[in-house]
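Following: one structure in structure tokens, then a few remarks.
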Amino acid sequence: MTDSEKGQLSLALGREPTETELGVVAILWSERRSYKSSRRWFSEFKTDGENVVLGLGKGAGIVDLGDGILLGVAMESNNHPTQANPYIGSALAIAGVISDVIAHGCKPVALLNSLRFGDPSIKDHAFALKEAVRGISEFANSVGIPMVGGDAEFNDSFGENCVLNAVCIGITEADSMVMSRASTPGHHLVLFGAKTGKERLIDDTESSESSNTSVPGNPLAKRIVIDTLEQLIDGKLLRGLEDVGGGGLALAGAKLAARGNTGVEIHSDKVPICEEDMSALEIVTSDSQDRMLAVVAPENLERVLAILDGYNTPHSVIGQVTDEGFYNLYHYGELKVSLPAVLLTSGFLEPDRFEECLPERTASMDWLVEPLDHVQMLLSMLSSVNIADRTWIYSQFDQHIQANTIVDIGDNSGVIELPKGKRIALTTSCNSSWSHLHPQIGAANSATLAMRNLVASGAKPIFIADCLNIGNPERPESYAEFVEAVKGIGRFSHDFNIPVLTGGVSPYNEKTIDGKSRRIHLTPQVMMAGVLPGNRLPARRSLCTPWANLFLVGETHRELNGSVFQQVQLGRVQGLPPGYQAGMEKSAMEAVLASHAKGIVRSCNDIGRGGLAIGLMKMALRGDFGFRLDLSDIPGSAIGMTEILYSETSARYLVEVTETNQEEFLRTMESCKVVATELGLTLNEPIANFGSFSVDLKEARKAYMSGIAELLDK
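Quick note on my numbering: the sequence shown kicks off at 569 and runs consecutively.
What follows is the structure in structure tokens.
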């Protein structure tokens, strides 16, 4: 705690705080727990919507899908622990988001993850990535939740500060949702799940070399908690619920009280512990995983305890809800903490933070040199680490463990089947190169990338979750990047009327090396969900049939700054990244969704990282068909083969349409005022013919499949 924060606490209390109180407040007022530097900017987001049940700042996000089905979502980071111990940190990320979702009574049905690591050609970075994937897969597979989506990105800025974001999706019925609050004095507080130890996670400003204990989590314990909760919720036995994770019982109890306008009385000596001689502060601030704090009415207590006994899970009545508005902590009858609950959750001073003017970028492409050999350039692009196939990563995840997965990882979006015939498409995306060069445009376009993934599948976007991974907010340049990223996602959310439902901020992702601070490239990770109407199956991105027409939706401009092509040619990114085109994005989205609704789309892929050439190659490499193109008349300002092939202009899609549906497709595009250009035809032959050059698909597939796998199999 800072001296000013200690002064604020003393002033609010009218007395000097005890050592235990100082310890509790220091953790709850930390950047990670309080969002004290960031929450002032959340008003930039659109957060309301007719289907929003629980929005930003109220725990997991909840939306109403209709027919009594609610969908919950949680998104978290676990960057610092993962950098310190990739296996344990990644498993903890999965454990944390599951807890967030089940705390509202949701059954977890899907997971997603986002990975940012250093160059995997470097042995230490490859090892860290492999260990993180192992941690994710072993925990998720063991607890029995399918991994249905994710993404990975690599650059040097993540070498010493990796980023790992996780998402959990859950479902419940409208009359079974549990609120994260304690509203009625006299109700009991029941802690159940794993025992409490002295574990504490690496947090915020701590170095990844910190000696603090990392908490591995236990998938079996998590499974028992999930099954126990299902029975408690089916019996309508809970009046409130909060997961006990980071911040421990101090944060969980304070949240329940503050949200319910009540107080809590907690007896730390009644908490089941697994280590001797634990102090009251150690008990209530422990980050031990797989624990839940339930609010139980007196008339339900006996039944709740009987169910917990039946599962043989550690549990105890550790306190009760009061009407005093205070968080009171007793240890063997001695009052250790007596603080207003609202003071703990929101009584901190908002620190002064300053924004520095960010460097201006040029749209100039003077650096561009036309490749002498376009075949070799395309193969180099396909094998580059930010394009190459990710099968080595996602093949380790169980994608079908609940038998509800319709589309596997690696397609445009993961799609799952929910009760009453509902189908939800899920995706997560971020381009940290764009965000590094222009935080607001990069963040907004990261959201458009996610949106286009959904639209390419045929799904209409319904909500956003985000996790803003930044450097040190006390540094003006880092803080300016954060503010601009919030504005970018906020701008997108209002432009497209898609609410930001939940999310997080991960600060202090930087390290001092040889006296110089090295921070990550700004990573505004966006997760988005969409609904597939009726009983419609999602469109895939693999070419489906020979002699079908291939169309480009949208215009192509001279936008290679920040692109994968620039990375491959220069070994770095520079300049002004592709622009954010809200109007064009809306029109293209409406046109493509209308085409899906008419059933005239055979396959579809959005154009993002790598541009048109890579988008087409991915469509061909996932299937058995090639293509032949004529790129002589591409609308937009792009000139020359390189710009046409590799520009990363937004608001573009590739669509496969059979000859019989071509006229209807073009009428649909015209009615939405969208430019659609016929590029060529699909072929039976395994060849990618771009007009001026051709690539054998076998050779292309070898480059694409080996780019990452060869590095990680060493």
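Built from N, CA and C at the ideal position, the CB exists for glycine as well.
Every value quoted in this text rests on a predicted model; they were computed, and no experiment measured them.
Is the beta carbon of A1015 less than 8 Å from the beta carbon of I1057? Translated into the one-based positions of the sequence shown, residue 1015 becomes position 447. Translated into the one-based positions of the sequence shown, residue 1057 becomes position 489. Going by C-beta atoms, A1015 is nearer than 8 Å to I1057.
Is it right to say F922 is buried, meaning 16 or more other beta carbons lie within 10 angstroms of its own, or is it exposed? As a working note, residue 922 is residue 354 in the sequence shown. Classification of F922: exposed, given that the 10 Å Cβ count is below 16.
At least 3 beta-carbon pairs within less than 8 Å: the segment 1085–1098 vs the segment 718–737: yes
For E850, count neighbouring Cβ atoms within 10 angstroms of its own Cβ and tell me buried if that reaches 16, exposed if not. Position 282 of the sequence shown, counted from the start, is the residue given in the question as residue 850. Taking all protein chains shown into account, E850 has 16 or more neighbouring C-beta atoms within 10 Å of its C-beta and is therefore buried.
Determine the extent of the beta strand (DSSP E) in which E1246 is found, giving its start and end residues. As a position in the sequence shown, residue 1246 is number 678, starting the count at 1. Its beta strand (DSSP E) spans residues A1244 to L1251.
Hey, is E867 close to the ligand GTP, as in C-beta under 7 Å from one of its heavy atoms? Here there are no bound small molecules, and the ligand GTP is not part of this structure.
Are the segment 1179–1187 and the segment 946–962 touching by the rule of at least three beta carbon pairs closer than 8 Å? Per the Cβ contact rule, the segment 1179–1187 is in contact with the segment 946–962 (3 or more Cβ pairs under 8 Å).
Could you check what DSSP says for E777 in three-state terms: helix, strand or coil? Position 209 of the sequence shown, counted from the first residue, corresponds to residue 777. Summary for E777: the model assigns pLDDT 41, below 50, so the residue's position carries little reliability, and this model does not support an answer.
Going by the DSSP bridge assignment, what does E833 pair with across the sheet? Counting from one through the sequence shown, the residue named residue 833 turns up at place 265. Within the DSSP secondary-structure output, E833 pairs in a beta bridge with Q888 and N896.
Environment of I1066 [buried if 16+ CB atoms lie within 10 Å]: Position 498 of the sequence shown, counting from 1, holds the residue named residue 1066. Answer is buried; the Cβ neighbour count reaches 16.
Counting beta carbon pairs with one atom in the segment 715–729 and one in the segment 624–631, are three or more of them shorter than 8 Å? no
I need the straight-line Cα distance from A1268 to E1158, nearest angstrom please. Residue numbering aside, residue 1268 sits at position 700 when the sequence shown is read from its first letter. Residue numbering aside, residue 1158 sits at position 590 when the sequence shown is read from its first letter. Between A1268 and E1158, the C-alpha separation is close to 33 Å.
Determine the extent of the alpha helix (DSSP H) in which D1034 is found, giving its start and end residues. Position 466 of the sequence shown, counted from the first residue, corresponds to residue 1034. For D1034, there is no enclosing alpha helix (DSSP H); the residue is part of the beta strand (DSSP E) that begins and ends at K1028 to N1037.
Using DSSP's beta-bridge definition, name the partner residues of D632. Position 64 of the sequence shown holds residue 632. L638, per the DSSP bridge assignment.
Can you have a look at V1023 and say buried or exposed, based on whether 16 or more other CB atoms are within 10 angstroms of its CB? On the sequence shown, position 455 is the one that residue 1023 refers to. Buried.
Contact defined as beta carbons within less than 8 Å: I believe E1224 pairs with A1116. What is the distance between those atoms, to the nearest angstrom? Position 656 of the sequence shown, counting from 1, holds the residue named residue 1224. Position 548 of the sequence shown, counting from 1, holds the residue named residue 1116. Contact check for E1224 and A1116: beta-carbon distance about 5 Å, within the 8 Å limit, so the pair qualifies.
Beta strand (DSSP E) segment containing H756, residue limits: Within the sequence shown, residue 756 is the residue found at index 188, counting from 1. Looking at the DSSP string, the run of the beta strand (DSSP E) that includes H756 is H756 to G761.
Between the alpha carbons of N780 and M747, how many angstroms are there, rounded? Against the sequence shown, residue 780 aligns to sequence position 212. Against the sequence shown, residue 747 aligns to sequence position 179. With a pLDDT of 43 at N780, under the threshold of 50, the modelled position of that residue is not reliable, and the figure given next carries that caveat. So the two alpha carbons sit approximately 32 Å from each other.
Can at least three beta-carbon pairs, one atom from the segment 694–704 and one from the segment 653–672, be found at a separation below 8 Å? yes
So what does DSSP say about P1092, is it helix, strand or coil? The residue you call residue 1092 lines up with position 524 of the sequence shown. It is a strand residue.
Only counting the same chain, and skipping five residues up and downstream in sequence, which positions put a Cβ closer than 8 Å to that of G1208? In the sequence shown, residue 1208 corresponds to position 640, counting from 1. Cβ within range, chain order: E938.
Please state the DSSP three-state secondary structure of F1195. Stepping through the sequence shown from its first residue, residue 1195 is reached at position 627. The answer is strand: DSSP assigns F1195 an E or B state.
Using a Cβ-Cβ cutoff of less than 8 Å, which residues in the same chain neighbour R608 once the five nearest sequence positions on both sides are dropped? Position 40 of the sequence shown, counted from the first residue, corresponds to residue 608. Only E918 meet the Cβ criterion.
In the structure shown, what three-state DSSP assignment does D772 receive? Against the sequence shown, residue 772 aligns to sequence position 204. Confidence at D772 is low in this model, with a pLDDT of 48, below 50, so the placement of that residue should be treated as unreliable; the coordinate-derived value is given next. D772 falls in the coil class under three-state DSSP.
Cβ neighbours of L1161 in the same chain (closer than 8 Å, five flanking residues each side left out): Here residue 1161 refers to the residue found at position 593 of the sequence shown. Within the same chain, L1161 has close Cβ partners V1023, G1026 and K1028.
Let's test the definition: count the other Cβ atoms within 10 Å of the Cβ of P927 and tell me whether it reaches 16, buried, or not, exposed. By 1-based counting over the sequence shown, the position of residue 927 is 359. Counting the other CB atoms within 10 Å of its CB gives P927 a total below 16, which places it among the exposed residues.
Using only the alpha-carbon positions, how far apart do I834 and A789 sit? Mapped onto the sequence shown, residue 834 falls at position 266. Mapped onto the sequence shown, residue 789 falls at position 221. Straight-line Cα distance between these residues: approximately 24 Å.
Check whether the Cβ atoms of L759 and V832 sit closer than 8 Å, and answer yes or no. For the purposes of this step, residue 759 is taken as residue 191 along the sequence shown, with counting starting at 1. For the purposes of this step, residue 832 is taken as residue 264 along the sequence shown, with counting starting at 1. Taking 8 Å as the Cβ cut-off, L759 and V832 do not qualify as a contacting pair.
Please classify R871: is it buried, with 16 or more other beta-carbons within 10 angstroms of its beta-carbon, or exposed? On the sequence shown, residue 871 is found 303 positions in, with the first residue counted as 1. By the 10 Å Cβ count, R871 comes out exposed.
Does K604 come out as helix, strand or coil in the three-state DSSP assignment? Walking along the sequence shown from the start, residue 604 turns up at place 36. DSSP places K604 in coil when its eight states are reduced to three.
Please report the straight-line C-alpha distance between R1059 and A750, rounded to a whole angstrom. As a working mapping, residue 1059 is identified with position 491 in the sequence shown. As a working mapping, residue 750 is identified with position 182 in the sequence shown. Between R1059 and A750, the C-alpha separation is close to 35 Å.
My assumption, with CB atoms under 8 Å, is that I739 sits in contact with L638. Please give the rounded CB distance. Your numbering for residue 739 matches position 171 in the sequence shown. Your numbering for residue 638 matches position 70 in the sequence shown. With 8 Å as the limit, I739 and L638 qualify as a contact, their Cβ atoms being about 7 Å apart.
Under 8 Å between C-beta atoms of V677 and N972: Here residue 677 corresponds to residue number 109 of the sequence shown, with the count starting at 1. Here residue 972 corresponds to residue number 404 of the sequence shown, with the count starting at 1. A contact, by the Cβ cut-off of 8 Å.
Could you pull out every residue in the same chain whose Cβ sits closer than 6 Å to the Cβ of P1146, ignoring the five residues on either side in sequence? As a working mapping, residue 1146 is identified with position 578 in the sequence shown. Answer for P1146: E1127, E1216, T1217 and S1218, listed in chain order.
Going by DSSP, what residue range makes up the alpha helix (DSSP H) through G657? For the purposes of this step, residue 657 is taken as the residue at position 89 of the sequence shown. Per DSSP, G657 is one residue of the alpha helix (DSSP H) stretching across P654 to I670.
Just the Cα atoms here: how many angstroms apart are E573 and D920? For this step, residue 573 is matched to residue 5 along the sequence shown. For this step, residue 920 is matched to residue 352 along the sequence shown. When rounded, the distance between both Cα atoms is 12 Å.
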